[in-house]
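Just below is one structure, and these are the notes that go with it.
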Amino acid sequence: MMSGESDPLLGNEEDPSSESPSEVSNILSFSPSTDEMDESTVRMVLLGKTGSGKSATGNSILSREAFTAQCSPESTTKICRKENNEENGRLISVIDTPGLCDTSMSPEEVKREIEKCVYMSVPGPHVFLLVIRLGVKITEEEQNTVKWIQKNFGEDASRYTIIVFTFRDSVKGTTVQEYIHASKYLRNLIDSCGDRYTFLNNEDPDDRTQVDELLKKIQELIQKNGGKSYTNAMYEEAQEKIRQEEERVRQEEERQKEEEKQRIIEEYERIKNRWKAQLKSDLQKMVNECFNCWPKSVFGIVKAVMIGVPVFLLGASFLIVTSPIIFAVWAFRKIRNKLKTEAEYIHIAND
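According to UniProt numbering, the residues represented by the sequence shown are 1 to 351, in order.
Laid out in structure tokens, this is it:
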């Protein structure tokens with residue numbers, strides 16, 4: 001097969017993007033699980049965050065501008081693309097994938113597209129090249145990218161993974177080894193991949209030293225794995241674990257919702273019973289207070305009557321005795337005033 005020739009399984013390279021997940025699964029189900037059908041081919045898949053230098057790494061491996069590579073916050077690769085090159089009598093097949101955490105694509109779209117790389121590398125990739133950019137802060141997004149790869153391709157994928165560090169020249173003031181050793185995350189990541197990592201300077205396409213070193217590590221990895229590749233069975237097992245975990249999470253959420261609902265009901269009943277008991281207690285207290293106050297109230301009424309009646313009778317008697325005297329005084333004053341007025345009138349008339 002000549003350099004840059006399309007895979008006959010794919011026909012037009014744009015077609016894989018139109019395959020549905022079920023169609024991909026059906027094709028994979030009938031794929032061989034070993035490399036006996038083609039021992040002269042090395043199949044590799046590029047994985048990594050947007051901007052890590054995946055496409056440029058693919059170009060360096062293929063010794064040509066096979067993939068569009070440019071510095072951009074959005075992935076320049078929107079669909080999985082496969083390019084080939086023959087080197088030393090061996091066919092090198094490289095599959096470029098969309099950048100994880102690409103802001104222009106939804107997580108579901110990225111997942112569906114990257115899943116196709118397994119189909120495009122039938123019977124399976126010999127190696128996953130996890131491309132990580134040096135000289136930038138390892139963010140939570142970067143860590144989630146690696147977790148996503150490990151989750152979706154399963155634990156077996158780590159046996160087929162080599163870490164490729166790009167932008168080596170961006171590390172200033174320290175050696176690359178010291179830079180990596182200073183990061184607990186990078187140390188753990190390298191350890192999980194069997195201490196397999198290398199560096200690649202994609203700025204100088206004529207310098208094949210680092211590319212040759214990478215190809216050598218890939219060959220050693222293939223031999224270590226007995227010439228076998230990451231298979232569809234491994235991928236399906238990983239997906240089944242994801243489905244089981246999602247189902248477990250769903251059931252756990254349902255259980256928690258039901259427990260919360262039951263807790264709310266029990267809390268409502270507890271509050272209701274507490275208020276009912278409080279209301280009953282308050283009513284009983286009011287009734288008791290009324291009964292306790294009743295004798296005092298009756299005694300107060302009797303006492304008022306006993307004091308008020310004599311006072312009333314005494315006042316009435318006083319009025320009866322004094323009324324004629326008061327009336328006589330009033331009548332006397334009336335007559336006197338009238339006589340005085342008439343006398344004054346006669347005196348004026350005589351004058």
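Yeah, the Cβ is synthetic: ideal placement off N, Cα and C, and Gly gets one too.
Remember, predicted model here, so these are calculated numbers, not experimental data.
- Within 10 angstroms of the Cβ of Val136, are there 16 or more other Cβ atoms? Answer buried if so, exposed if not. exposed
- Message: Measuring CB atoms only, is the stretch 79 to 88 touching the stretch 161 to 168, in the sense that at least three cross pairs come out at less than 8 Å?
- Response: no
- Would you be able to state if there are at least three C-beta pairs under 8 Å between the stretch 236 to 255 and the stretch 129 to 146? no
- Message: Going by C-alpha to C-alpha distance, which of Pro98, Ser40, Ala233 and Ala66 sits closest to Gly51?
- Response: Pro98
- Query: Taking Cβ to Cβ, would you say Val131 is nearer than 7 Å to Thr57?
  - Reply: yes
- Starting from the Cα of Ile95, find the closest Cα among Leu214, Arg263, Ser158 and Asn85 and give me that residue. Asn85
- Query: DSSP three-state call for Ile162: helix, strand or coil?
  - Reply: strand
- Task: Please determine, among Gln219, Val329, Leu283 and Arg90, the residue with the shortest C-alpha to C-alpha distance to Ser40.
- Result: Arg90
- Task: Spell out a yes or no on whether the stretch 192 to 210 and the stretch 153 to 162 are touching, meaning 3 or more CB-CB pairs, one atom from each, closer than 8 Å.
- Result: yes
- Query: Cα separation between Lys172 and His181?
  - Reply: 15 Å
- Query: Can the beta-carbon of Arg187 be found less than 7 Å from the beta-carbon of Pro125?
  - Reply: no
- Message: Rounding to the nearest angstrom, what Cα-Cα distance links Asn59 and Asn232 in this structure?
- Response: 27 Å
- Item | Limits of the unbroken beta strand (DSSP E) element including Phe128 | Val127 to Arg133
- Message: Rounded to whole angstroms, what is the Cα-Cα separation between Ser63 and Arg208?
- Response: 9 Å
- Message: Can you give me the C-alpha to C-alpha distance between Ile265 and Phe128, rounded to a whole angstrom?
- Response: 52 Å
- Can you have a look at Ser229 and say buried or exposed, based on whether 16 or more other CB atoms are within 10 angstroms of its CB? buried
- Task: Ignore the nearest five residues each way along the sequence and tell me which others in Ile138's own chain have a CB closer than 8 Å to its CB.
- Result: Ser183, Tyr185 and Leu186
- Message: Does Ile326 pass the burial test, meaning 16 or more other C-beta atoms within 10 Å, or should it be called exposed?
- Response: exposed
- When you compare each of Lys216, Lys147, Lys257 and Leu47 to Leu189 by their alpha carbons, which one comes out closest? Lys147
- Buried or exposed for Arg263, please, with buried defined as at least 16 other CB atoms from any protein chain shown within 10 angstroms of its CB. exposed
- Task: Can you check the stretch 139 to 214 for any alpha helix (DSSP H) of at least 4 residues that lies completely inside it and give the ranges in chain order?
- Result: 140 to 153, 176 to 181 and 184 to 192
- By how many angstroms is the C-alpha of Arg168 removed from the C-alpha of Val176? 7 Å
- Rounded Cβ spacing between Lys49 and Cys101 (contact assumed at less than 8 Å): 5 Å
- Query: Helix, strand or coil: which one does DSSP assign to Arg270?
  - Reply: helix
- Message: Give me, in chain order, the residues of the same chain whose beta-carbon lies closer than 8 Å to that of Ala331; leave out the 5 immediate sequence neighbours on both sides.
- Response: none
- Item | Own chain residues within Cβ distance below 8 Å of Glu237, not counting five before or after | Gly154 and Asp156
- Alpha-carbon spacing of Glu253 relative to Leu46, whole angstroms: 35 Å
- Buried or exposed: Lys340, going by 16 or more other Cβ atoms within 10 Å of its Cβ? exposed
- Task: Identify which residue in Ser170, Gln219 and Ala66 has its Cα closest to the Cα of Phe199.
- Result: Ser170
- Message: Beta-carbon within less than 7 Å of Gly53's beta-carbon, same chain only, minus the 5 sequence neighbours each way: which residues are those?
- Response: Val131, Arg133, Thr166, Phe167 and Asn202
- Message: Can you give me the C-alpha to C-alpha distance between Gln219 and Gly227, rounded to a whole angstrom?
- Response: 9 Å
- Unbroken alpha helix (DSSP H) runs of length 4 or more, entirely within the stretch 37 to 114: which are they? 54 to 62
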